[in-house]
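Heads up: take any position in the sequence shown, counting from 1, add 832, and you land on this note's numbering.
All C-beta atoms, glycine included, are put in the ideal place defined by N, C-alpha and C.
These figures come from a predicted structure and were not determined experimentally.
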Amino acid sequence: MLTALKDSYNRPIRDLRVSLTDRCNFRCFYCLPHGEPPIAPKEQMLSYEEIEYICDIFVELGIEKIRLTGGEPMMRQDIEVIIRKLAALKPKGLRDLALTTNGYFLPDRAQGLKDAGLDRITISLDSLKRAVFKQMTGVDVLDRVLQGLEAAKNAGLQPIKINAVVVRGHNEDEVADFAAFAREHDVKMRFIEFMPLDSGHEWSRDDVVSGREIRERISERFPLIALDVPRGSETASRFRFADDAPGEIGTPDGRRPDSHLPFFDSRTFIARCRTRRCIEKRNPRLHRGRRNKERTPSLHQRASVRCAIALDEFHWRLSSVAR
Ligand code: SF4
């Protein structure tokens, strides 16, 4: 019997994020450097057997939620197989299997993901305007992503979260429109702060739109009420609509509904995130080796693991990451 994973405050670690690939069919300017991004050779990618093997161990170590990410995870042709293998871990303690995607492949494959055992989905959507969407993502496929959202709804991949990175001069004038979208489609809208990933060296403090400004812009059209729920490891402050309309809003900062603390700005939160949340929450990123540093925010811990290593060695490696 393996000892449960704990952080340095002796709290159990429940969430795992697995990056399936560094490939993506979008070219979001805040994520990828200009030109063709460096990608890892295929032989360095974990096979689905290796992912299953590693996740099996993590579930035995107390992991209850697994989120599959990328790059764009649906660039993996075998993603349905991966999901089916991971869903088979539910009798062992896995409770939640989620996927973050840019939505491009969902129109044809959302039902297949659901049938394979996926529970929830998060779709990235930075603009509701075709020209702005194209400018921010590098691809002219807004309609297809919206079709993907519909397909996910029809497949029963609920609740659906929508992530939008807000960048001044690009889409900050759309936040109230996104709130209207959340009401219409009954989705959880999460606004993400433009962060200095430095991949394209395009970040500037002036381009950051604070959570307070996002809430103020939305409240002019749709008054919001903070949700009185424990925030836990959530990075977003969550709000419902005052008129009880469907949907939810999440912003990157604000007064914690479960806290007496005053407002703290997002810089403070990121500082906390860096030193506490990511260490506490422990979302190790699984790669065969360290690579592609410029695409990985320093906020995240990474576990460098190989396949087929002895269980004891793997456990020791995880323990050393948790310290
Ligand atoms: S932000 Fe997501 S969709 Fe955009 S390029 Fe990066 S991985 Fe692809």
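Around ARG899, the same chain offers ARG849 and ALA930 as residues with beta carbons nearer than 6 Å, after the five sequence neighbours per side are excluded. For ILE992, the enclosing beta strand (DSSP E) starts and ends at 992-998. Just so you know, the alpha carbons of ALA920 and THR954 end up roughly 21 Å apart. Residue nearest to LEU950 within the set ASP958, VAL1019, VAL964 and THR933 is THR933 (criterion: CA-CA distance).
For THR932, the enclosing beta strand (DSSP E) begins and ends at 928-933. For GLU1080, the beta-bridge partners assigned by DSSP are LYS1020. Minimum Cα-Cα distance from GLU1004 among the listed residues ARG916, VAL1041 and ARG941 corresponds to VAL1041.
Annotation: the continuous alpha helix (DSSP H) that includes ASP975 extends over 974-987.
The C-beta of TYR862 has 16 or more other C-beta atoms within 10 Å across all chains shown, which makes the residue buried.
Counting the other CB atoms within 10 Å of its CB gives GLU1052 a total below 16, which places it among the exposed residues. Every unbroken stretch of the beta strand (DSSP E) spanning 3 or more residues and falling wholly within the region 892-963 is given here in chain order: 897-901, 928-933 and 952-956. Between VAL891 and LEU926 a beta carbon distance of about 5 Å is seen, short of the 8 Å cut, so the two are scored as contacting.
As the crow flies, the alpha-carbon of LEU1056 is around 29 Å from that of THR969. Residue range 1043-1051 is occupied by the alpha helix (DSSP H) that includes ILE1046. Cα atoms of LEU893 and ILE886: separation of roughly 11 Å, rounded to the nearest angstrom.
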